[in-house]
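A.B. asks: Using numbering that gives the first Met the number 0, the letters of the sequence shown map in sequence onto residues 0 to 356.
Once you've had a glance at the structure underneath, I'll fire off some questions.
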Amino acid sequence: MILLLHRDADAAVRGRLQSALSALGLSADEVRLGERTGVVVTSATDLPADSLARLEGVERVLPLEERGSLVHDTWCEGGRTVALGGARFGGGFTGLIAGPCTVESEEALEQTARLVKEAGACALRGGVFKVRTSPHSYQGGGLEALQRMHRVSRRVGLPFLTEFTDPRQVAVAGELVDGVQIGARHMQNFPLLTEVAALGKPIMLKRHMGAGVDEWLLAAEYILKAGNDQVLLCERGVRTSDRHVRFLLDVSVVPYLKSRVGLPVLVDPSHAAGDWRLVSSLAKAAVAAGADGLLIEAHPAPESTRCDASQALPPADLRALMNHVRQMLALDGRRLSGPALSAAADESSTSPRAASA
Ligand code: PEP
Ligand code: MN
């Protein structure tokens with residue numbers, strides 16, 4: 000076990016802690032944990048973590064195996080920042096990624112991109128390789144749709160991400176995207192994670208609807224192990240036997256993860272709710288819980304879309320939501336991330352990384 004000490008645990012407090020541990024028959028060594036100090040309990044003990052957490056100077060108790068893993072090594076006070084194009088997530092920046100479920104015509108996508116940018120989005124989303132529950136459903140527009148999305152992104156001035164579902168898409172489409180989404184159903188597709196990680200671009204890893212937090216973090220561990228630490232975790236709801244929502248949004252996972260790992264935590268209220276009327280409330284709950292970003296499906300004419308029409312947020316609702324979110328962030332001393340990608344600045348650029356939000 001590792002006892003993570005309070006920041007203000009001075010030499011006197013640390014001395015008293017060592018005495019308290021010896022009185023309990025335990026030996027312990029002090030270690031540096033980034034900018035923090037920890038005490039590793041080296042002798043075997045039956046004492047539960049809860050008891051040790053009550054000792055003076057101890058902020059919380061970490062199981063020893065947590066330390067070894069790359070994902071826990073990302074933990075730092077204030078959280079780390081991941082940049083998608085020039086949009087920033089984490090480190091006090093909260094960003095909105097919004098757009099249609101699936102990329103349709105160039106005109107329709109451009110209209111959506113402009114309206115989400117105007118509402119406050121820092122990045123565009125849209126699927127071209129769709130994962131559908133039924134093989135008979137529309138499967139997405141493929142590479143041609145991705146090229147449309149790239150053109151729209153550069154014209155409108157919004158970096159974008161899209162889902163990859165097959166490791167072979169990295170070679171044919173990797174250059175075009177600013178970031179890659181790994182969808183819930185592919186969270187444990189480890190060859191896909193490893194191949195996408197090698198692109199060196201930001202990866203938004205969605206939580207599988209049946210995955211525990213540790214399974215989700217170990218999936219992120221695959222990406223980190225492949226040498227890519229630009230990971231955005233995205234909670235999108237877990238399976239429930241109840242029928243009032245499509246999936247149950249796990250809001251509690253946001254503060255939980257933010258106190259344990261340094262990766263930004265995003266929330267997708269759209270796929271959780273499955274109903275646009277619930278999306279704004281869930282998005283506000285996510286921001287209140289400390290989310291570093293929101294992933295929201297929005298569409299100017301939801302009735303005309305081929306995918307997930309029931310959850311697409313109409314423009315007026317997205318604008319109202321973002322006005323509210325801005326005020327919530329200001330109360331907390333946090334900031335809304337901007338796209339930092341100037342419209343039509345560089346139509347040939349594939350990875351606008353230079354500017355900051
Ligand atoms: C999506 O974002 O379009 C999507 C299919 O999400 P999920 O993988 O969470 O179901
Ligand atoms: Mn969708």
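Ideal Cβ positions, reconstructed from N, Cα and C, are used throughout, including at glycine.
In this text the structure is predicted, and so the values were computed from the model without any measurement.
1) Name the two residues that bound the continuous beta strand (DSSP E) containing T93.
2) Does the Cβ of D307 lie closer than 7 Å to at least one heavy atom of ligand 2?
3) Can you check the stretch 150-191 for any alpha helix (DSSP H) of at least 4 residues that lies completely inside it and give the ranges in chain order?
4) Relative to ligand 2, is the shortest distance from any of its heavy atoms to the C-beta of H270 smaller than 7 Å?
5) Using the Cα positions of S269 and G85, report the straight-line distance between them to the nearest angstrom.
6) Entirely within the stretch 3-89 and at least 4 residues each: give me those alpha helix (DSSP H) ranges in chain order.
7) Out of G77, T93 and Q17, which has the shortest C-alpha to C-alpha gap to P338?
8) Mind checking whether D267 and K205 have CB atoms under 8 Å apart?
9) Below 8 Å, can you find three or more Cβ-Cβ pairs linking the stretch 190-207 to the stretch 228-237?
10) Where DSSP assigns a beta bridge to M203, which residues make up the other side?
11) Return yes when at least one heavy atom of ligand 1 lies under 7 Å from the C-beta of C100, else no.
12) If you run the structure through DSSP and keep just helix, strand and coil, what is A284?
13) Using the beta-carbon count (16 or more within 10 Å), is G67 buried or exposed?
14) Going straight from the alpha carbon of R13 to that of A48, what length do you get?
15) Between L157 and the rest of its own chain, which residues show a CB-CB distance below 7 Å, the 5 nearest in sequence each way excluded?
16) Report yes if the C-beta distance between V357 and E103 is below 8 Å; otherwise report no.
17) Under the criterion of a Cβ to heavy atom distance below 7 Å, does E105 qualify as lining ligand 2?
18) When every heavy atom of ligand 1 is checked, does at least one fall within less than 7 Å of the C-beta of G209?
19) Provide the residue span of the beta strand (DSSP E) that contains V264, from first to last.
20) Tell whether a beta-carbon distance below 8 Å holds between V57 and L2.
21) Is there at least one non-hydrogen atom of ligand 2 closer than 7 Å to the beta-carbon of E296?
22) Apart from the five residues on each side of it in sequence, which residues of its chain come closer than 7 Å, Cβ to Cβ, to M148?
23) Using a threshold of 8 Å, state whether the C-beta atoms of L198 and V169 are closer than that.
24) Going by DSSP, what residues sit across from A122 in a beta bridge?
25) Regarding G139 and ligand 1, is the C-beta to nearest heavy atom distance less than 7 Å?
C.D. replies: In short, the structure shows the following:
1) F92 to G98
2) Yes; taking the cut-off as 7 Å, the Cβ of D307 has a heavy atom of ligand 2 nearer than that.
3) 167-172
4) yes
5) 24 Å
6) 10-22, 48-51, 63-67 and 69-72
7) T93
8) yes
9) yes
10) Q180 and L231
11) For ligand 1, at least one heavy atom lies less than 7 Å from the Cβ of C100.
12) helix
13) Caution applies to G67, whose pLDDT of 44 falls short of 50 and renders its modelled position unreliable; the value that the coordinates give is listed next. It counts as exposed.
14) 18 Å
15) A112, K116, A120, A122, L123, P338 and L340
16) What the structure shows of the chain is the stretch from 0 to 356, and residue 357 is not part of that stretch, so it cannot be assessed.
17) no
18) no
19) V264 to V266
20) yes
21) Shortest gap from the CB of E296 to any heavy atom of ligand 2: under 7 Å.
22) V102, L108, G125, V127, F159 and T161.
23) Cβ distance < 8 Å, so L198 and V169 count as in contact.
24) A122 is bridged to I96.
25) Flag unset: Cβ of G139 not near ligand 1.
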